[in-house]
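In terms of full-length UniProt numbering, the sequence shown opens at residue 1 and continues consecutively.
In this text, a Cβ means the ideal position worked out from N, Cα and C, and glycines have one as well.
Source: prediction; values computed, not measured.
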Amino acid sequence: MARMPSQSSSSIPAHTNGHASRRPDVERTKILLLGLRRSGKTSIEQVLFHDLQPKQTFYLERTTRVTKRPYDTVIPLEIWDCPGDIALEALKAEAPLSQFAALIFVIDIQDLYQPTITKMVETIVSIYQENPDISLEIFVHKSDVLSEEYKIENFRHLQERVMDELSYIGTEYEQLPVNFQLTSIYDHSLHDAFSRVIHKLIDSLSYLEDLLNVFCSNSQSSKAFLFDINSRLYVATDASPVDPPTHNLCNDYLQMLNAFGPLYKSITASPARYRIPSTSVANSLTSGASSPNSPSQSLRSHPSSPAATRPTLPSMNAAPTRSRTTSLPGSPTGSASPDGKPMFYPSASTSLAPSTAGAGAGTTLTYHLVTRQLALLALIPTAVFEARRGLVEYNVVFFREGVQEICQVEEEARRV
Numbered sequence: 001m002a003r004m005p006s007q008s009s010s011s012i013p014a015h016t017n018g019h020a021s022r023r024p025d026v027e028r029t030k031i032l033l034l035g036l037r038r039s040g041k042t043s044i045e046q047v048l049f050h051d052l053q054p055k056q057t058f059y060l061e062r063t064t065r066v067t068k069r070p071y072d073t074v075i076p077l078e079i080w081d082c083p084g085d086i087a088l089e090a091l092k093a094e095a096p097l098s099q100f101a102a103l104i105f106v107i108d109i110q111d112l113y114q115p116t117i118t119k120m121v122e123t124i125v126s127i128y129q130e131n132p133d134i135s136l137e138i139f140v141h142k143s144d145v146l147s148e149e150y151k152i153e154n155f156r157h158l159q160e161r162v163m164d165e166l167s168y169i170g171t172e173y174e175q176l177p178v179n180f181q182l183t184s185i186y187d188h189s190l191h192d193a194f195s196r197v198i199h200k201l202i203d204s205l206s207y208l209e210d211l212l213n214v215f216c217s218n219s220q221s222s223k224a225f226l227f228d229i230n231s232r233l234y235v236a237t238d239a240s241p242v243d244p245p246t247h248n249l250c251n252d253y254l255q256m257l258n259a260f261g262p263l264y265k266s267i268t269a270s271p272a273r274y275r276i277p278s279t280s281v282a283n284s285l286t287s288g289a290s291s292p293n294s295p296s297q298s299l300r301s302h303p304s305s306p307a308a309t310r311p312t313l314p315s316m317n318a319a320p321t322r323s324r325t326t327s328l329p330g331s332p333t334g335s336a337s338p339d340g341k342p343m344f345y346p347s348a349s350t351s352l353a354p355s356t357a358g359a360g361a362g363t364t365l366t367y368h369l370v371t372r373q374l375a376l377l378a379l380i381p382t383a384v385f386e387a388r389r390g391l392v393e394y395n396v397v398f399f400r401e402g403v404q405e406i407c408q409v410e411e412e413a414r415r416v
């Protein structure tokens, strides 16, 4: 179990949903959600991108028409949630199939009847014939209803029957690049599966991974993720393999920060700090300043005041210094966000107990905001983090600037 998080000098942020800040003037990457009725397509979209609690999915209405929902992350996405009985001809009337970058076909893990699998395979083949570059994904969904043994057995049985159907249609489809994922909205398997789908759609993924590799090497981090804050999908990670317990740990920590973040606020960002005092308070302060025994006067003249005896920190000669407050992509150069306010980069950290799954003995989990949509979560040895915290923060600044430059290039390239 993790102990209480120890916040740094900056507080945990209060975030806005990524889908709330829509950019209508950019070209979006389209993801097509298909599947039979009651397979869980709308539940997946609502849980991931609208922060709907899994228990509330029972009250979702049946999808009767194509619903297009934009979402902004490293790349701008557009999720197409389609009815279970939609025909491909009706879908083509909405948009050419060549415009879709990924197809996710959702199937219930208990729906192993032959007509269901046949229809799924025919749909996949028809779309692949018109768009050979599309990424084909099959989410074997609602895996939580079965025990571990039956879950794996049904998953393998479904894979075998799909591949048999593809070879029956034609030998050229035997090696069709179809990826199978076992998913459920009640655990982190859905976040991991959808993250892997997004990885194939990000052209700048290799550059993000290189930045994470450099950060891990310079900060002695065992694992680092670049998370989308609201959906809790990791858009990039370093070269080391993704361990499910480590991913689950980071996902839970980010969920906790999102839940409690609105309760905290930076002192420097508080409106009360900039509030103009009333006339009576101003008069009392003026009269107090003129008094020879006023506390403010004694503080200014006292030689042991912390402000008077604070030593000057030595400058780093090994590398040029950079401001920790950088501009967001699309904003003017300087420390201002697009809304004109100074950009604030919260951070948090928590020391993990040795018994925590996904963490070794003496490990600290850190959180640093990178952009309005992205955050860096990293596992760092506690001894390293406590002794060289300034160096870790210094590396975060360079990582943040690199990610922001990549996001800016992505945004400029997609402007319509």
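Asked                                                                                                                             : Found
Sub-7 Å separation of glycine 35 and phenylalanine 105 beta-carbons                                                               : yes
Stretch pair the stretch 212-224 + the stretch 232-241: three plus CB contacts closer than 8 Å                                    : yes
Span of the alpha helix (DSSP H), counted from its first residue to its last, around leucine 254                                  : 244-260
Assigned secondary structure, glycine 40 (DSSP; H/G/I helix, E/B strand, else coil)                                               : coil
Segments assigned beta strand (DSSP E), at least 3 residues, entirely inside the stretch 186-221                                  : none
Validate contact between the stretch 150-160 and the stretch 110-117 using beta carbons, cut 8 Å, 3 pairs                         : yes
Residues bridged to threonine 67 (per DSSP)                                                                                       : Asp81
Beta carbon of proline 229 nearer than 7 Å to that of isoleucine 75                                                               : Correcting the residue identity first, residue 229 is isoleucine in this sequence and not proline. The answer is no: Cβ separation not under 7 Å.
C-beta atoms of threonine 363 and leucine 376 nearer than 7 Å                                                                     : no
Where serine 296 falls: helix, strand or coil (DSSP)                                                                              : At serine 296, the pLDDT of 40 sits below 50, so the modelled position is not reliable; the number obtained from the coordinates is stated separately. Residue state, collapsed to three classes: helix.
Which residues DSSP lists as bridging threonine 237, in chain order                                                               : Phe225
Chain-order list of residues whose beta-carbon lies under 6 Å from that of residue 418 (same chain, five-residue window excluded) : Outside the shown range of the chain (1 to 416) lies residue 418, about which nothing can therefore be said.
Exposed unless 16 or more other CB atoms sit within 10 angstroms - verdict on residue 501                                         : The question about residue 501 has no answer, for the chain in this structure spans 1 to 416.
Counted within 10 angstroms of its Cβ, other Cβ atoms place tyrosine 234 as buried (16 or more) or exposed                        : buried
Status (buried if at least 16 other CB within 10 Å, exposed otherwise) for glutamate 89                                           : exposed
Unbroken alpha helix (DSSP H) run spanning asparagine 154, endpoints                                                              : 148-169
Spatial distance of valine 66 from valine 416 (CA atoms)                                                                          : 24 Å
Residue environment, valine 121, which counts as buried when at least 16 other CB atoms sit within 10 Å                           : buried
Assigned exposure category for tyrosine 150 - 16 Cβ within 10 Å defines buried                                                    : exposed
Beta-carbon proximity check, isoleucine 185 vs valine 47, cutoff 7 Å                                                              : yes
CB of leucine 254 within 7 Å of CB of phenylalanine 215, strictly                                                                 : no
Buried or exposed by the 16-neighbour rule on C-beta atoms within 10 Å, applied to leucine 263                                    : exposed
Selection from Glu148, Ser349 and Asp25 that minimises the alpha carbon distance to methionine 256                                : Ser349
6 Å CB neighbourhood of arginine 400 in its chain, flanking five on each side removed                                             : Val370
Phenylalanine 105 - partner residues in DSSP beta bridges                                                                         : Leu34 and Ile138
Rounded straight-line distance, which links the Cα of phenylalanine 58 to that of isoleucine 117                                  : 25 Å
CB contact below 7 Å: valine 396 versus chain C                                                                                   : Among the chains in the structure shown there is no chain C, since it carries only a single protein chain.
Straight-line gap, serine 204 to glutamine 181 (C-alpha atoms, nearest Å)                                                         : 24 Å
Element boundaries [beta strand (DSSP E), containing alanine 348]                                                                 : 347-352
Cβ shell of glutamate 209 (< 8 Å), same chain only, five flanking positions each side left out                                    : Ala236, Thr237, Asp238 and Ala239
Opening and closing residue of the beta strand (DSSP E) in which glutamine 181 lies                                               : 178-182
Supposed contact pair threonine 171 and phenylalanine 139 - C-beta distance, whole angstroms, cut 8 Å                             : So it is not a contact: roughly 27 Å between Cβ atoms.
Exposure of tyrosine 145, with buried meaning 16 or more beta-carbon neighbours within 10 Å                                       : The residue you asked about is not tyrosine; residue 145 is valine in the sequence shown. Exposed: under 16 other Cβ atoms inside 10 Å.
N-terminal and C-terminal residue of the alpha helix (DSSP H) that aspartate 115 is part of                                       : Checking the displayed sequence, the identity of residue 115 turns out to be proline instead of aspartate. That run of the alpha helix (DSSP H) goes 114-130.
Residues bridged to tyrosine 367 (per DSSP)                                                                                       : Ala348 and Leu377
Integer-rounded CB distance, given that aspartate 192 should sit under 8 Å from histidine 141                                     : Their Cβ separation, rounded to whole angstroms, is 14 Å, which puts histidine 141 and aspartate 192 out of contact at 8 Å.
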